[in-house]
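Asker: Under the UniProt record's numbering, the first residue of the sequence shown is numbered 1, with each subsequent residue one higher.
Quick one: the structure is below, and I'll ask about it shortly.
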Amino acid sequence: MTAPAIQATGLSAGFGGREVLQDVSLTLNDGEILCLIGHNGAGKSTLLRVLFGLHRPSAGSMTVFGNAPSQHSPAALGAAGVALVPEGRGVFPDLTVEEIFGLALWSAGVPKSGQRERIEEVLDVLPRIKEFRTRRAGTLSGGQQQMVSIGRALLTRPKALLLDEPSIGLAPKLFQDLIRPIAALRESRGMAILLVEQNVREAFAVSDRVVVMRSGRFIFEGAPSELDDHTKLMELF
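Written as structure tokens, this is what we have:
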């Protein structure tokens, strides 16, 4: 039996003495798209930051494909095959898209001989980047910047991708154009995806399972179809 892409057990974490995550356990199966939803401040982004090593938990443990990371750090989690696309895109406005990709490849330790192949892989998934690859990121639209942010993460060839609110600031059609090729990576590469998203209709359409978080705890786990009833969905928020 294949080990889960990410197995987190009993995670707790907080800031300034305030507990944000409370004994959270999560399984992201290999090749699965898991959608995480919840009210603002529920702890969703904090959970992703913990899973990528940006924030150290006060309790709990995690494994990536059955192995405990050597350290709880982005470098160790990245080496294990995890990538994060943070909320807010986080692109360098004064750098061109090509420069951003080059910096990401350098940071990941990819030798120059293999960089062109990595970039072409990303352009196959997100071909519209070709139209603005020489432009500075600060001149791009929100949708274009989100493509760059996701493309930067894909350069590392992750086996588990964490996406934090990719639809923020995007029209519904733009989000569809963005999320569908990403979801297709589950089929083409067997990638596991943990998707934090408030655009539930589009997110549910590509997800295998849904978990709902309220005040740092999971209060629901099941199939997207179980939340087709809008009233039931609102009760969970």
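All C-beta atoms in this analysis are idealised placements derived from N, C-alpha and C, irrespective of residue type, glycine included.
Source: prediction; values computed, not measured.
Starting from Phe220 and walking both ways along the beta strand (DSSP E), at which residues does that stretch end?
Answerer: Start and end: Arg217 to Gly222.
Asker: Candidates Val64, Leu154, Ile129 and Pro158: which alpha carbon is nearest Asn29's?
Answerer: Asn29 has its Cα closest to that of Val64, out of Val64, Leu154, Ile129 and Pro158.
Asker: Pull up the distance between the alpha-carbon of Gln115 and that of Val82, whole angstroms please.
Answerer: C-alpha separation (whole angstroms): 19 Å.
Asker: Ignore the nearest five residues each way along the sequence and tell me which others in Ile193's own chain have a CB closer than 6 Å to its CB.
Answerer: Hits under 6 Å: Ile33 and Leu161.
Asker: How would you call Asp94, buried or exposed, if buried means at least 16 neighbouring beta carbons within 10 angstroms?
Answerer: Result: exposed.
Asker: By how many angstroms is the C-alpha of Leu123 removed from the C-alpha of residue 263?
Answerer: This structure cannot settle anything about residue 263, because the visible part of the chain is limited to 1 through 237.
Asker: For Asp164, count neighbouring C-beta atoms within 10 Å of its own C-beta (all shown protein chains included) and say buried if the count is 16 or more, exposed if not.
Answerer: Asp164 should be labelled buried.
Asker: Closest by CA to Gly41, which one among Met62, Gly53, Gly14 and Pro57?
Answerer: Gly41 has its Cα closest to that of Gly14, out of Met62, Gly53, Gly14 and Pro57.
Asker: One question on the structure: do Val148 and Ile100 come within less than 8 Å of each other, judged by their Cβ atoms?
Answerer: Result yes, Cβ atoms of Val148 and Ile100 sit closer than 8 Å.
Asker: Starting from the C-beta of Ala3, find all residues in its chain whose C-beta is less than 6 Å away, skip the five residues before and the five after it, and write them out in chain order.
Answerer: The residues are Phe65 and Gly66.
Asker: Can you check whether the CB of Phe220 is closer than 8 Å to the CB of Val211?
Answerer: Cβ atoms of Val211 and Phe220: closer than 8 Å.
Asker: Going by other Cβ atoms of all chains shown within 10 Å of its Cβ, with 16 needed for buried, is Ala80 buried or exposed?
Answerer: Buried, by the Cβ-count rule.
Asker: Taking the CB atoms as reference points, tell me whether Leu36 and Val200 lie closer together than 8 Å.
Answerer: No.
Asker: Taking a contact to mean a Cβ-Cβ separation below 8 Å, would you say Gly53 touches Ala76 in this structure?
Answerer: Yes, the pair counts as a contact, with Cβ atoms nearer than the cut-off.
Asker: Just to confirm the assignment, what range does the beta strand (DSSP E) spanning Ser207 have?
Answerer: That residue, Ser207, is in no beta strand (DSSP E); it is neither H nor E in DSSP.
Asker: Do you know whose CA, among Glu117, Leu140 and Gln22, lies nearest Phe92's CA?
Answerer: It is Leu140 whose Cα lies nearest to the Cα of Phe92.
Asker: On the criterion of 16 or more Cβ atoms from any shown chain inside 10 Å, does Gly151 qualify as buried, or is it exposed?
Answerer: Buried is the call here.
Asker: My parser needs the beta strand (DSSP E) runs of 3 or more residues fully inside the segment 145-205; what are they?
Answerer: The qualifying runs are 160-164 and 192-196.
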